[in-house]
Amino acid sequence: MASRLRMGFIVGASLWPALLTGCAGVQEGMAPAPARTRPAMMRGAPAADMARAMLESAAAEQLGQPALDPARERRLLVYNAELHLVVGDIRATLDAVQRLAESLGGHLHTMEAQSIVVKVPADRFHEAMDAVAEMGELGRRAIRGADVTDQVQDLRLRLKNAEQMRDRLAALAERADDMKAVLDIERELGRVTETVETLKGKLQALEHSVAFSTITVHLNSPIPQAEWTVEIPFRWVYTLGQGLIARPDAQEPHVPSLRRRIVFKAPAGFVKYYEADYTSRLMSADGLRVYVRRHRNYDNGSLEFWSGLARRALVEKGGIALGEPEASELTNGRTAHIMQGRRRMGREDVAYLLAIWSDKGHVYTWETWGPAEEMEKALPALRNAIRTMHAPWYDFLF
């Protein structure tokens, strides 16, 4: 215990002159620190405590400076407006509000089905408000302003003190020759640096709110806004891509049977874990899944019809960015259409591949999905496996 106290006294005594010199530089012309704060800092306190005491002392001295005259300083105001409009075309009005904000030097913040939030330069706030109000029948209009001058000044003061503290601690760390003192200073330096970054973020956000006012617009219409659509009567088409979108639980492994199955050569690295009723499911250790299925070909529809219908359902209903069909010859002499696409799932890009072909009154589909990087690696093997697909010989009997 005695040796620890002696070490603390030595570290504190060796660092005190530099700290005292740094304190004098907090602000030019600043009064010296109150005498009552010095003894606690001199009695062998750890470097972290000394640094905190120095920061508190500097802040106290800053607060003791004469305040700015409120009548002379420019007040910092944050404006938020909310408008409720009745319009004929909600979609067109949303686009018009976004274009207006961008033309004034602002930007889109968020957009939903019947509302939009935009940011516009504060000096063009009222101009934007009047222009939006002219886009429809104004139901309600509200403007709120908040004075954040004191908050901004407080953040600037705290940031300045923290940056000065960081710089002095960094200088002390370079000059210190005692290992314990160096470790104490670096520990406190890390904490102060984190404080600096936090204060910078808060100040930037507040200053952006001052520079850009927020306008929220809510829209209603007496005219039905639903888009005209044609539902697809073939239920199986809507099931395409559901493994990627809904991520269903894996089925229990099923023992393959000779009958009622689709014939193909499994791609390298994949294991078939389910096979029944003309449905096969495979997976790889890298997270790729394969579904192979047979469907009824109603009225012997052409390959172009089925691939076009499948692509439409996947793009419109599944939200998968799917490319145009690419023709590929199968070993059975038939032609398959292959389409590739992607969909963002959380933070990951998930790749999707669909192959579709028809034969003897049936339509066959091959789906693969999984991590985009793994899909890229497995693509040659997957394409070779797709080429081997064919109906079993006994399908002629059914």
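In the numbering used here, each number is its position in the sequence shown, counted from 1, plus 1120. We treat Cβ as the ideally placed atom computed from N, Cα and C, and that holds for glycine.
- prompt: For residue 1508, which residues from the same chain have a beta carbon less than 6 Å from its beta carbon, with the 5 sequence-adjacent residues on both sides left out?
  reply: By one-based count along the sequence shown, residue 1508 stands at place 388. Cβ neighbours of residue 1508 beyond the five flanking positions: 1384, 1385 and 1451.
query: Near residue 1148, which residues of its chain fall below 6 Å by C-beta distance, leaving aside the five closest residues on each side in sequence?
result: Numbered from 1 along the sequence shown, position 28 holds the residue referred to as residue 1148. Because the pLDDT at residue 1148 is just 35, under 50, the model does not fix this residue reliably, and the value given afterwards should be weighed accordingly. Answer for residue 1148: no residue qualifies.
query: Considering residue 1231, what are the terminal residues of the beta strand (DSSP E) in which it resides?
result: Within the sequence shown, numbered from 1, the residue matching residue 1231 stands at position 111. Per DSSP, residue 1231 belongs to the beta strand (DSSP E) from 1227-1231.
field: Between the CA atoms of residue 1460 and residue 1269 - distance to the nearest angstrom
entry: On the sequence shown, position 149 is the one that residue 1269 refers to. On the sequence shown, position 340 is the one that residue 1460 refers to. Answer to the nearest angstrom: the Cα atoms are 54 Å apart.
query: Of all the beta strand (DSSP E) runs that stay within the bounds of the stretch 1454-1479, which reach a length of 3 or more residues?
result: 1455-1465 and 1468-1479
- request: Please go through the same chain and pick out, in chain order, the residues whose beta-carbon is closer than 7 Å to the beta-carbon of residue 1242, but skip the five residues on each side of it.
  value: What you label residue 1242 is simply residue 122 of the sequence shown in a count that begins at 1. Around residue 1242: 1199, 1330, 1331, 1332 and 1333.
field: Limits of the unbroken alpha helix (DSSP H) element including residue 1210
entry: In the sequence shown, the residue the question calls residue 1210 occupies position 90. Unbroken alpha helix (DSSP H) run through residue 1210: 1210-1223.
task: Mind reading off the beta-carbon distance from residue 1389 to residue 1501? Whole number of angstroms is fine, and I expect it under 8 Å.
output: For the purposes of this step, residue 1389 is taken as residue 269 along the sequence shown, with counting starting at 1. For the purposes of this step, residue 1501 is taken as residue 381 along the sequence shown, with counting starting at 1. Indeed they touch by this definition, with Cβ atoms about 7 Å apart.
- request: Classify residue 1287 as helix, strand or coil using the three-state DSSP reduction.
  value: Walking along the sequence shown from the start, residue 1287 turns up at place 167. If DSSP states are grouped into helix, strand and coil, residue 1287 belongs with the helices.
query: What is the rounded straight-line gap between the Cα of residue 1144 and the Cα of residue 1335?
result: Indexing the sequence shown from 1 puts residue 1144 at position 24. Indexing the sequence shown from 1 puts residue 1335 at position 215. Here residue 1144 scores only 37 on pLDDT, less than 50, and its place in the model should not be relied on; the value that follows carries that caveat. Whole-angstrom Cα-Cα distance: 47 Å.
query: Is DSSP giving residue 1241 helix, strand or coil here?
result: Here the question's residue 1241 lines up with position 121 in the sequence shown. Note: residue 1241 maps to strand in three-state DSSP.
- prompt: Is residue 1499 closer than 8 Å to residue 1485 when the C-beta atoms are compared?
  reply: The count along the sequence shown starts at 1 and reaches residue 1485 at position 365. The count along the sequence shown starts at 1 and reaches residue 1499 at position 379. In this structure, residue 1499 does not lie closer than 8 Å to residue 1485 by Cβ.
task: Can you give me the Cβ contacts of residue 1142 inside the same chain, cut-off strictly under 6 Å, excluding the 5 residues immediately before and after it?
output: Within the sequence shown, numbered from 1, the residue matching residue 1142 stands at position 22. With a pLDDT of only 41 at residue 1142, under 50, the local geometry of the prediction cannot be trusted, and the value read off the model is given with reservation. So the qualifying residues of the chain are 1288.
message: Between the alpha carbons of residue 1328 and residue 1201, how many angstroms are there, rounded?
response: Sequence index remark: in the sequence shown, residue 1328 carries index 208 (1-based). Sequence index remark: in the sequence shown, residue 1201 carries index 81 (1-based). Rounded to the nearest angstrom, the two C-alpha atoms are 16 Å apart.
message: residue 1302 and residue 1286 - do their beta-carbons sit closer together than 8 Å?
response: Position 166 of the sequence shown holds residue 1286. Position 182 of the sequence shown holds residue 1302. Going by C-beta atoms, residue 1286 is not nearer than 8 Å to residue 1302.
query: Can you tell me whether residue 1428 is buried or exposed, with buried defined as 16 or more other CB within 10 angstroms of its CB?
result: Locating residue 1428 in the sequence shown gives position 308, counting from the first residue. With fewer than 16 Cβ atoms within 10 Å of its Cβ, residue 1428 is classed as exposed.
query: According to DSSP, what are the bridge partners of residue 1486?
result: Translated into positions along the sequence shown, residue 1486 becomes position 366. Residue 1486 pairs with 1412 and 1475.
field: Through-space distance from residue 1314 to residue 1276, alpha-carbon basis
entry: Position 156 of the sequence shown holds residue 1276. Position 194 of the sequence shown holds residue 1314. So the two alpha carbons sit approximately 16 Å from each other.
- prompt: For the candidate residues 1256, 1293 and 1419, whose alpha-carbon lies nearest to that of residue 1211?
  reply: What you label residue 1211 is simply residue 91 of the sequence shown in a count that begins at 1. Closest option to residue 1211, Cα to Cα, is 1256.
query: How far does the alpha helix (DSSP H) with residue 1433 in it reach, from first residue to last?
result: Counting from one through the sequence shown, the residue named residue 1433 turns up at place 313. 1423-1436 is the span of the alpha helix (DSSP H), which, as asked, contains residue 1433.
query: Should residue 1250 go down as buried or exposed, given a rule of 16 or more other Cβ atoms within 10 Å for buried?
result: Here residue 1250 refers to the residue found at position 130 of the sequence shown. It counts as exposed.
- request: Could you give the DSSP three-state label for residue 1274: helix, strand or coil?
  value: The residue labelled residue 1274 in the question sits at position 154 within the sequence shown. Three-state DSSP puts residue 1274 in a helix.
query: Quick one, which of 1308, 1299, 1197 and 1412 has its alpha-carbon nearest residue 1359's?
result: As a first step, residue 1359 is located in the sequence shown; it is residue number 239 there, counting from the start. When each option's Cα is compared against that of residue 1359, the closest is 1412.
message: Just verifying my parser: in three-state terms, what is the DSSP assignment at residue 1392?
response: Within the sequence shown, the letter at position 272 stands for residue 1392. Strand.
message: What would DSSP say about residue 1440, mapped onto helix, strand or coil?
response: Indexing the sequence shown from 1 puts residue 1440 at position 320. DSSP places residue 1440 in coil when its eight states are reduced to three.
message: Spatial neighbours of residue 1512 within its chain, please: C-beta separation below 6 Å, excluding the five flanking residues on both sides.
response: Taking the sequence shown and counting its residues from 1, the one referred to as residue 1512 is at position 392. Cβ neighbours of residue 1512 beyond the five flanking positions: 1383.
message: Here's the rule: buried if 16 or more other CB atoms are within 10 angstroms of the residue's CB, otherwise exposed. What is residue 1226?
response: Looking up residue 1226 in the sequence shown gives position 106. Counting Cβ neighbours within 10 Å, residue 1226 comes out buried, since at least 16 surround it.
task: Find the nearest neighbour of residue 1423 within the set 1262, 1437, 1445 and 1218, judged by alpha-carbon distance.
output: On the sequence shown, residue 1423 is found 303 positions in, with the first residue counted as 1. Taking only the C-alpha atoms, the option nearest residue 1423 is 1445.
task: Could you tell me the boundaries of the beta strand (DSSP E) in which residue 1265 lies?
output: What you label residue 1265 is simply residue 145 of the sequence shown in a count that begins at 1. Run containing residue 1265: 1257-1267, per the beta strand (DSSP E) assignment.
query: Helix, strand or coil: which one does DSSP assign to residue 1330?
result: By one-based count along the sequence shown, residue 1330 stands at place 210. Here residue 1330 sits in helix by DSSP.
message: Per the DSSP calculation, residue 1380 is bridged to which residue(s)?
response: Reading the sequence shown from its first residue, position 260 is the one you call residue 1380. The partner list for residue 1380 (beta bridge, DSSP) is empty, contrary to what the question assumes.
query: Since residue 1398 is in the beta strand (DSSP E), which residue starts that stretch and which ends it?
result: By 1-based counting over the sequence shown, the position of residue 1398 is 278. Premise fails: residue 1398 is in no beta strand (DSSP E) and is neither H nor E.
- request: Using alpha carbons as the reference points, say which of 1238, 1457 and 1224 lies closest to residue 1247.
  value: Sequence index remark: in the sequence shown, residue 1247 carries index 127 (1-based). The residue with the shortest Cα to Cα distance from residue 1247 is 1224.
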